[in-house]
Structures are given as C-alpha cells and as structure tokens.
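All remarks here apply to the structure that follows.
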C-alpha cells in the first residue's frame with residue numbers, strides 16, 4: 001500500500017471509535033430540526049453548510065426561542081471560537097501545504113478529527129503525507145454526520161413528541177463535557193456560565209443570554225488561568 | 233429560519249477553522265491564550281444546558297417535580313464516573329423516561 005493511502009486509512013481507523021456518540025447526536029439534530037418545523041432540505045443543508053454539531057444545535061435552540069439573526073450568528077461564533085485553537089496548533093504541521101489543501105482540511109477540522117490527528121501529527125512529524133491522516137479522519141466524521149442527520153430527518157416524522165427529545169439537547173452537551181467534570185476550575189467556569197444564563201434568560205434582551213453567559217464564564221476562566229500561572 | 237442565517241453561520245464556522253491555518257506559519261498562540269481557549273466548551277455549553285433544564289415554559293424557575301433536573305444530575309454523576317459520552321447520554325435519557333413515564337404517572 002502506498003504511503004498516502006496508508007496514512008489516509010490510519011486516519012479513518014483512528015477516528016472510528018469516536019464516531020459512536022456522533023451517530024445519536026446527528027439523529028437528535030435531524031429529529032429536532034423536523035420537530036421545529038424546518039424543511040428536510042434546510043435541516044440537511046445546515047449539516048452540509050455548517051458541519052458543526054454544537055453550532056447547529058445552538059442555531060436550532062435560538063431559532064425556537066425567536067432570537068434575531070445577529071444574536072444567532074454571534075452565539076454561533078462564540079461556540080466556534082475554540083476552533084481557533086485547533087487551527088493554531090495545526091498551523092505548524094500544515095503551513096507547507098497548497099492553499100486548496102488548507103481550504104479542504106479547514107472544512108473538516110472538527111473536534112474529533114482534531115483529537116486523533118493531533119496525536120498522530122505529534123508522533124509522525126517526519127511523514128510528508130501526514131495531512132492525509134486528517135483528510136481520512138475528517139471525511140469519516142463528515143460522512144457519519146451527514147448520514148445520521150438524514151436518519152434523524154426520516155425519524156423526525158415518526159418519533160412522538162411525548163418522548164421529550166428536546167431534553168436530549170441538554171444531555172448531549174452534558175455528555176460533551178465529561179472530560180472536564182474532574183477539574184475544579186472547569187466546574188467553576190461551568191457554574192458561572194449556567195447560572196448567568198439561567199438568570200439572564202428572562203432579563204437579557206434579544207436572547208443574548210448565551211453570549212453574556214459565555215463571556216462572563218470566559219472572563220472567570222481568564223482570571224483562573226492568570227492566578228494559576230502566577231502560582232507556578 | 234432563513235437560508236441566509238445558515239449560510240452566515242457556515243461562513244463563520246469555516247473561518248474560525250481556516251483563519252489560523254491560513255495566517256500562521258507556526259503555532260504562535262501563547263500558553264495563556266491556549267489555556268483560556270481550552271475553557272471555551274466549559275464556558276458555553278452550560279449556558280445551553282441550564283435554562284431549558286431549570287426553567288419551565290413560562291420562563292420561571294421550576295425546582296419542584298422537575299424530572300429534567302434529576303435526570304441531568306444523574307447524567308452528570310454517570311459522566312463523572314464513566315467519562316463516556318455515550319453512557320452519559322443514555323443514562324440521562326433512560327432516567328428521564330423512567331421519571332416521566334413511570335415515577336410521575
């Protein structure tokens with residue numbers, strides 16, 4: 001097997017276990033999109049155009065609350081700001097690539113692909129085709145996400161509303177935080193965000209509670225980081 | 233929902249992924265900035281989680297007979313122990329269904 005194909009396959013294999021929770025997440029997104037009365041095209045279009053689970057669910061939640069486009073777009077930007085970190089970490093591995101490669105890899109640079117390819121890049125700095133790993137991992141995520149969105153769209157018309165699937169949005173986000181529950185500083189940041197959002201839900205105009213809560217929590221995170229670095 | 237909103241969100245999502253790869257030759261974010269960015273999920277997800285769990289349809293706090301709070305706490309405990317995304321989601325959903333279909337009936 002040539003090296004490109006080998007690296008590509010390695011990317012697919014490495015990311016596969018992380019796809020298990022992506023399937024129910026994608027299905028939930030499709031079901032909720034349909035329950036909110038969006039067309040199948042629009043729900044599927046979101047998965048293709050945005051291709052980011054958290055962003056898409058935030059978009060649905062704010063849409064159902066009647067938020068304006070400006071607030072929605074700002075909130076989605078806040079959710080996405082973590083990608084700046086991924087791009088910065090990967091820039092040293094990808095800076096030699098042609099623009100087209102950078103454009104393609106950016107589209108598929110999501111949490112799961114970042115996690116596995118970051119580990120691979122660190123260990124295989126010498127492999128000149130290492131970007132094929134990210135390509136394999138990223139397009140695996142992409143395919144799984146699109147297929148599970150379609151499954152959700154199909155199921156959306158048959159799943160009864162009594163099942164209370166709206167609650168699965170909260171559950172999905174709780175699940176995405178499992179690795180942070182053991183760190184006290186993360187828990188403080190989470191509580192600030194949650195409490196500010198809950199109080200702010202009725203007080204803050206234009207459904208901007210997510211933005212205000214996120215900024216307050218990030219301010220606390222910055223303070224905690226500064227205090228911690230000083231101690232070291 | 234307008235297509236334009238979806239497209240704008242798509243462009244922004246793409247730009248947050250592309251900008252750093254495009255601009256930087258090497259990783260220039262300092263340790264402090266990276267540490268703060270690593271808190272982004274903890275800073276944003278609870279703002280999405282809390283309001284629908286704690287508030288009822290009218291937007292007032294609902295602590296009594298609220299199956300969502302109990303199910304969310306259970307999901308957090310299971311998440312803490314298992315560290316598994318899938319187990320956490322199922323634990324929360326199954327306990328929620330138990331509460332609304334069995335316990336509160």
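Protein chains in written order, with the working numbering: chain A, 1 to 232; chain B, 233 to 337. Ideal Cβ placement from N, Cα and C applies to all residues, glycine included. Quick caveat, the model's predicted, so the values are computed rather than measured.
DSSP-derived helix/strand/coil call for residue 18 of chain A:
In the first chain, the residue the question calls residue 18 of chain A occupies position 18. If DSSP states are grouped into helix, strand and coil, residue 18 of chain A belongs with the helices.
Quick check on residue 109 of chain A: does DSSP put it in helix, strand or coil?
Taking the first residue of the first chain as 1, we reach residue 109 of chain A at position 109. Residue 109 of chain A: coil per DSSP, three-state reduction.
Give a yes or no on whether the minimum CB-CB distance between residue 302 of chain B and chain A is below 9 Å.
For the purposes of this step, residue 302 of chain B is taken as residue 70 along the second chain, with counting starting at 1. No, residue 302 of chain B lies away from the interface with chain A (no Cβ there is under 9 Å from its Cβ).
Comparing the C-beta of residue 295 of chain B with each C-beta of chain A, is any distance below 9 Å?
On the second chain, residue 295 of chain B is found 63 positions in, with the first residue counted as 1. Residue 295 of chain B does not count as touching chain A.
Using three-state DSSP, classify residue 256 of chain B as helix, strand or coil.
As a first step, residue 256 of chain B is located in the second chain; it is residue number 24 there, counting from the start. If DSSP states are grouped into helix, strand and coil, residue 256 of chain B belongs with coil.
Is the Cβ of residue 166 of chain A closer than 9 Å to any Cβ of chain B?
As a first step, residue 166 of chain A is located in the first chain; it is residue number 166 there, counting from the start. With 9 Å as the cut-off, residue 166 of chain A counts as an interface residue toward chain B.
Would DSSP call residue 84 of chain A helix, strand or coil?
Numbered from its first residue, the first chain carries residue 84 of chain A at position 84. Helix at residue 84 of chain A.
Quick one: is residue 133 of chain A near chain B, going by C-beta distance under 9 Å?
The sequence position of residue 133 of chain A within the first chain is 133, counting from 1. It does not; no Cβ of chain B falls within 9 Å.
For residue 293 of chain B, name the three-state secondary structure that DSSP assigns.
Residue mapping note: residue 293 of chain B aligns to position 61 of the second chain, counting from 1. In the three-state reduction of the DSSP assignment, residue 293 of chain B falls in the strand class, which pools E and B.
By a C-beta neighbour count over all protein chains shown, 10 Å radius and 16 as the cutoff for buried, is residue 52 of chain A buried or exposed?
Position 52 of the first chain, counting from 1, holds the residue named residue 52 of chain A. Buried, by the Cβ-count rule.
Should residue 148 of chain A and residue 25 of chain A be called a contact, given that it needs their Cβ atoms to be closer than 9 Å?
Counting from one through the first chain, the residue named residue 148 of chain A turns up at place 148. Counting from one through the first chain, the residue named residue 25 of chain A turns up at place 25. Cβ distance < 9 Å, so residue 148 of chain A and residue 25 of chain A count as in contact.
Among B:235, B:288, B:244, B:251, the one whose alpha carbon lies nearest that of residue 87 of chain A
Within the first chain, the letter at position 87 stands for residue 87 of chain A. Its Cα nearest to that of residue 87 of chain A, the residue B:251 stands out among B:235, B:288, B:244, B:251.
By Cβ distance below 6 Å, which residues in the same chain neighbour residue 224 of chain A in space, the five residues on each side in sequence not counted?
Position 224 of the first chain, counted from the first residue, corresponds to residue 224 of chain A. Once the five neighbours on either side are set aside, the close Cβ partners of residue 224 of chain A are 185.
Using the Cβ count rule (16 or more neighbours within 10 Å means buried), how would you classify residue 312 of chain B?
One-based indexing of the second chain puts residue 312 of chain B at position 80. So residue 312 of chain B counts as exposed.
Taking Cβ positions, are residue 104 of chain A and residue 135 of chain A nearer each other than 9 Å?
The count along the first chain starts at 1 and reaches residue 104 of chain A at position 104. The count along the first chain starts at 1 and reaches residue 135 of chain A at position 135. Going by C-beta atoms, residue 104 of chain A is nearer than 9 Å to residue 135 of chain A.
Could you work out which residues of chain A lie near residue 306 of chain B, taking near to mean beta carbons separated by less than 9 Å?
Residue numbering aside, residue 306 of chain B sits at position 74 when the second chain is read from its first letter. What residue 306 of chain B touches in chain A: nothing, since even the nearest Cβ is about 10 Å away.
State yes or no: is the beta carbon of residue 59 of chain A nearer than 9 Å to at least one beta carbon in chain B?
If you number the first chain from 1, residue 59 of chain A lands on position 59. Cβ-Cβ to chain B under 9 Å: yes for residue 59 of chain A.
Is it buried or exposed for residue 165 of chain A, if we count other Cβ within 10 angstroms and need 16 for buried?
If you number the first chain from 1, residue 165 of chain A lands on position 165. Residue 165 of chain A comes out buried.
Give the DSSP-derived three-state secondary structure of residue 287 of chain B in the structure shown.
Position 55 of the second chain, counted from the first residue, corresponds to residue 287 of chain B. Of the three classes helix, strand and coil, the one that applies to residue 287 of chain B here is strand, per DSSP.
What does the alpha-carbon distance come out to for the pair residue 296 of chain B and residue 238 of chain B?
For this step, residue 296 of chain B is matched to residue 64 along the second chain. For this step, residue 238 of chain B is matched to residue 6 along the second chain. Roughly 38 Å between the two C-alpha positions.
Inspect the beta-carbon positions of residue 126 of chain A and residue 22 of chain A and report whether they are closer than 9 Å.
Residue numbering aside, residue 126 of chain A sits at position 126 when the first chain is read from its first letter. Residue numbering aside, residue 22 of chain A sits at position 22 when the first chain is read from its first letter. No. Outside cutoff.
C-alpha distance - residue 161 of chain A paired with residue 61 of chain A, whole-angstrom precision
Taking the first chain and counting its residues from 1, one reaches residue 161 of chain A at position 161. Taking the first chain and counting its residues from 1, one reaches residue 61 of chain A at position 61. Cα to Cα, the separation comes out at about 16 Å.
Along chain B, in chain order, which residues have C-beta atoms closer than 8 Å to that of residue 69 of chain A?
The sequence position of residue 69 of chain A within the first chain is 69, counting from 1. Correct list: 234, 236, 237, 240.
6 Å Cβ shell around residue 235 of chain B - same chain, five flanking residues per side excluded
The residue given as residue 235 of chain B occupies position 3 in the second chain. Excluding sequence positions up to five before and after residue 235 of chain B, its CB lies less than 6 Å from no other CB in the same chain.
9 Å Cβ cut-off: residues of chain A touching residue 254 of chain B
Walking along the second chain from the start, residue 254 of chain B turns up at place 22. Within chain A, the C-beta atoms nearer than 9 Å to that of residue 254 of chain B come from 87, 91, 99, 102, 103, 106, in chain order.
Identify whether residue 51 of chain A lies in helix, strand or coil by the three-state DSSP scheme.
Numbered from 1 along the first chain, position 51 holds the residue referred to as residue 51 of chain A. Looking at residue 51 of chain A - three-state DSSP - the assignment turns out to be coil, as it is neither helix nor strand.
Burial state of residue 231 of chain A, where buried means 16 or more other Cβ atoms lie within 10 Å
Working through the first chain from its first residue, we reach residue 231 of chain A at position 231. With fewer than 16 other Cβ atoms within 10 Å, it is exposed.
Go ahead and pull the three-state DSSP assignment for residue 128 of chain A.
As a first step, residue 128 of chain A must be located in the first chain, where it is residue number 128. Note: residue 128 of chain A maps to coil in three-state DSSP.
How many whole angstroms separate the CB atoms of residue 120 of chain A and residue 291 of chain B, which I take to be in contact at a CB cut-off of 8 Å?
Translated into positions along the first chain, residue 120 of chain A becomes position 120. Translated into positions along the second chain, residue 291 of chain B becomes position 59. Not really, about 47 Å apart at Cβ, beyond 8 Å.
For the candidate residues A:35, A:46, A:212, A:41, whose alpha-carbon lies nearest to that of residue 145 of chain A?
Stepping through the first chain from its first residue, residue 145 of chain A is reached at position 145. Measuring from the Cα of residue 145 of chain A, the nearest candidate turns out to be A:46.
Indicate whether the contact test is met: 3 or more Cβ pairs, each with one atom in the stretch 187-195 of chain A and one in the stretch 252-267 of chain B, closer than 8 Å.
Short answer: they don't touch.
Whether residue 306 of chain B touches residue 274 of chain B by CB criterion (9 Å)
By 1-based counting over the second chain, the position of residue 306 of chain B is 74. By 1-based counting over the second chain, the position of residue 274 of chain B is 42. Note that the C-beta distance between residue 306 of chain B and residue 274 of chain B is not below 9 Å.
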